[in-house]
Structures are given as structure tokens and as C-alpha cells.
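First the structure, in the form of C-alpha cells, and then the observations on it.
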Amino acid sequence: MITGLKQAFKHLQSVMEVASCMDFVETRRRQELRDRAVELAIANRDSEASAVFAEATTATRSIRKMSSRAIALCELATAFHRAHRHDEAQALFAEIPQIAQSLWPASSGENVLSELVAALAQAGQFTEAASVAASLEGERECIKALRSLATAWTQAGNFEEAANVIRSITKRSERVRAFLELALALESGDRPDEASAIFAEATTVARGMESCSVYSLLQVMTTLERVNRPREADTVLTEAQTIAYSLGAPVQRENSLNQLATALTQAGRFSEAIEAARSMRYPSWPEKALCEIVAAQARSGQFCEATALAYSIGVDGYRAEALNHLGTALKLANRDAEASPILADAEKTMQAALKAQAEELAEELD
Numbered sequence: 001m002i003t004g005l006k007q008a009f010k011h012l013q014s015v016m017e018v019a020s021c022m023d024f025v026e027t028r029r030r031q032e033l034r035d036r037a038v039e040l041a042i043a044n045r046d047s048e049a050s051a052v053f054a055e056a057t058t059a060t061r062s063i064r065k066m067s068s069r070a071i072a073l074c075e076l077a078t079a080f081h082r083a084h085r086h087d088e089a090q091a092l093f094a095e096i097p098q099i100a101q102s103l104w105p106a107s108s109g110e111n112v113l114s115e116l117v118a119a120l121a122q123a124g125q126f127t128e129a130a131s132v133a134a135s136l137e138g139e140r141e142c143i144k145a146l147r148s149l150a151t152a153w154t155q156a157g158n159f160e161e162a163a164n165v166i167r168s169i170t171k172r173s174e175r176v177r178a179f180l181e182l183a184l185a186l187e188s189g190d191r192p193d194e195a196s197a198i199f200a201e202a203t204t205v206a207r208g209m210e211s212c213s214v215y216s217l218l219q220v221m222t223t224l225e226r227v228n229r230p231r232e233a234d235t236v237l238t239e240a241q242t243i244a245y246s247l248g249a250p251v252q253r254e255n256s257l258n259q260l261a262t263a264l265t266q267a268g269r270f271s272e273a274i275e276a277a278r279s280m281r282y283p284s285w286p287e288k289a290l291c292e293i294v295a296a297q298a299r300s301g302q303f304c305e306a307t308a309l310a311y312s313i314g315v316d317g318y319r320a321e322a323l324n325h326l327g328t329a330l331k332l333a334n335r336d337a338e339a340s341p342i343l344a345d346a347e348k349t350m351q352a353a354l355k356a357q358a359e360e361l362a363e364e365l366d
């Protein structure tokens, strides 16, 4: 009986794997047909483009799952638009909402409509896209649609409209991410003053997020570093540091301090990173963070500081890992005489850690 069930399960797995592979192949084929049709249309090879578009349409309409078919029709409509076949694109845009209304559960239909928003926006039909986005009730689908709409406005160079769309996103963590994408686009477009204003707005939103404020502020900091704004990044990091220490809820505080220790380490603010690490209370979290700090100190050539910190780590496994990072960095710096005893200590400490783990496991099994 059990053998029969196992064989049936293996057969089912095999069938599912074959089906998944076939779906991938068909999806790839539809994409290649759409791309080829657009290329032919742009090259003014209209009759050939029409034939390939017809093949792509047939392949798309053959998709059995209606929600998948509707999403593929969005992609096909976008291809028609790129090929300047606007009537055919418009016919598909008009058809998709009808399919979405027929889908169950409602979230499936809303997911299709969020894809439609992206397709309409990419086609420059911003009013229509905004109207569909406004009709969505699910938070996830609405956010997805608004992010797509904001991205399309940004790509079109209308940064003010993009910012207005972003301000309507209710979930603040998503609003911060969208603002940062917009700030990057403004920075790339040599509009630093406008980028500064959007960075400031993202920081304000992140600051008010309570339990997730540190994480979001660190996202702002990382983005500022990407665009070579070190002073502003450092200011935001310091603000995140202040908030992390002020949190009262244990889970929020530990998570925030953990994120903060990593960010301070990456910024080279090692003494503050060590303080953050040693402020954590969850088992092994401080030691893991300290190990990462040792590695960063060693990479930056601060060997004396890294050595002292590594030997201060109380958990054998993490101390061994830290010593290994230190020894490896010393070898890379051609300081073999110093590296050898440290690597030997790392090996010895790791063996002790593994032995202790084995003994602990043996006691649990008794």
C-alpha cells in the first residue's frame, strides 16, 4: 500500500515537472514571437510582422488558465503598441477588464487589472491606467499598480506626476521604496535639487514608520551612498542609530540593532557597530555581529583592533570564524608570520566548538 502511494506520488511529481517545463517553453515561445513581430514591424516588414503577430495571438489565446491568458494579453497589447499598431493594442486593452471580471477569486481578477495598469501606462495611457488603479480594492494589487504607474511616469520624464502617484501609496514601506527609485532617476537625470527633495520626503516617511523605521531609514542611507552623497547618508545612519536605541519592544529593538550593526560596520564606524552588537540580547546575535565587524576591520587593515575584538568573542564557533577572517586577511597582506598562529588558533577553537556541540547532542539523545 505504502509502496503504491510512493509510486503514485513520484508519478505525480514527474507529471508536474513535465507540465512546468512545457509552460516555460510555451511562455518563452510567446515572448520570442512578440519580440520578433515588433522587430519586423519597426523594420517596415509589415506583412511578415502581421503573420508573426497572428501566430503570437493564437498562442496567447490558447492558454487555458484564464488569468494567465489575460496577463499574456496585456503583454501582447504592449507589443502591438511598441509596433505602432495602436488599434490592435486598444482592442486587447478593452477586452482584458471583461476577462478580469469573470475571474474567481476576486484577487485573481485584481491581479490581472494591476498588470493592465502597467501595460496601459507603458503605452502612455496614463489617465486610463490611473482609473483602473483607482478601482482596485486589494492593497497588494493597488500598490503594485501604483508602483507601475509611477515608474511609467518616471520613464516618461514627468517626475512631478510620478511623485504624486507615489504619495497615494498607502503602505509606507512601499512609498519609501518608490520615492528612492524616483530619487535615483532624478539624480541620473542631473536634477540634484529635485532628488534632494524626494530623498527628504522618503526620509520623513521612513522616520514615522515606528517598528520598521530603522530598516527603511537604512534603505534611504544605502541609496544616498549609491549616488555619492556620503554626508547625507551618514546623517540618516545616525538618525537610524538614535531610533534603534529608543525602541522598547524587544523584537523590534533586537532586529533594529542587528540591522544597525551591519550598516555601521559597512560604513566603517566600527566602535559604534561594536556598541550596537553588544547591546543585543538574543543568543548568538552579538557574537555573529562582532564576527562580521572583525572581518571588516581586517579587510580595512585594522589588524590590531580586529585581533583584540576577535579574541573577546565569547562563543567558540564565532570566535573561530572571526579568527579565520583575520588570519586570511593577514595572509593576503603578506603577513604570514602573524597569520599562521591566528589560523592555528582558529582551527583549534573550531574543533573545540564542534566537540562541545557533539557532546551536547549526545546528552540530548540519552
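In this text, residue positions in the sequence shown follow full-length UniProt numbering: the first is 1, and each later residue adds one.
Glycine included, C-beta positions come from ideal geometry on N, C-alpha and C.
Query, Result
"Can you name the start and end residues of the alpha helix (DSSP H) that Trp153 belongs to?", "Glu139 to Gln155"
"Which residues in the same chain as Trp153 place their Cβ atom closer than 8 angstroms to its Cβ, once the five residues preceding and following it in sequence are excluded?", "Ala121, Phe126, Phe159, Glu161, Ala162 and Val165"
"Does the separation of the CB atoms of Ala240 and Val214 fall below 8 angstroms?", "yes"
"Would Gln357 be called buried (16 or more neighbouring beta carbons within 10 Å of its own) or exposed?", "exposed"
"What's the gap between the Cα of Ser196 and the Cα of Glu174?", "19 angstroms"
"Can you tell me the Cα-Cα spacing of Ala249 and Leu76, whole angstroms?", "50 angstroms"
"Just the Cα atoms here: how many angstroms apart are Val18 and Ile63?", "Per-residue confidence for Val18 stands at a pLDDT of 46, beneath the threshold of 50, marking its modelled position as unreliable; the derived number appears in the next sentence. Distance between the alpha carbons of Val18 and Ile63: 16 angstroms."
"Going by DSSP in three states, Asp336 sits in which element: helix, strand or coil?", "helix"
"For Thr223 and Asp35, what's the separation of their Cα atoms in angstroms?", "33 angstroms"
"Taking only three categories from DSSP, how would you classify Ile166?", "helix"
"Would you check if there are 3 or more beta carbon pairs closer than 8 angstroms linking the stretch 274–288 to the stretch 226–238?", "no"
"Determine the closest residue to Ser300 out of Arg269, Ala156, Thr78 and Arg69, with distance taken between C-alpha atoms.", "Arg269"
"Could you check the C-alpha separation between residue 377 and Ile96 for me, to the nearest Å?", "Here the chain has residues from 1 to 366 only, and residue 377 is not among them."
"DSSP three-state call for His84: helix, strand or coil?", "coil"
"Give me the residue from Glu305, Ala306 and Leu217 with the minimum Cα distance to Ala263.", "Leu217"
"What do you reckon, are the CB atoms on Ala79 and Val38 nearer than 8 angstroms?", "yes"
"In chain order, what are the residue ranges of uninterrupted alpha helix (DSSP H) at least 4 long that sit wholly in the stretch 35–82?", "46–61 and 66–82"
"Does DSSP put Ile293 in a helix, in a strand, or in coil?", "helix"
"Report all residues from its chain with a CB closer than 6 angstroms to the CB of Ala261; omit the five preceding and five following residues, and keep chain order.", "Ala273, Ala276, Ala277 and Ala289"
"Note down, in chain order, each residue of its chain lying with its Cβ closer than 7 angstroms to the Cβ of Ala43, except the 5 sequence neighbours on either side.", "none"
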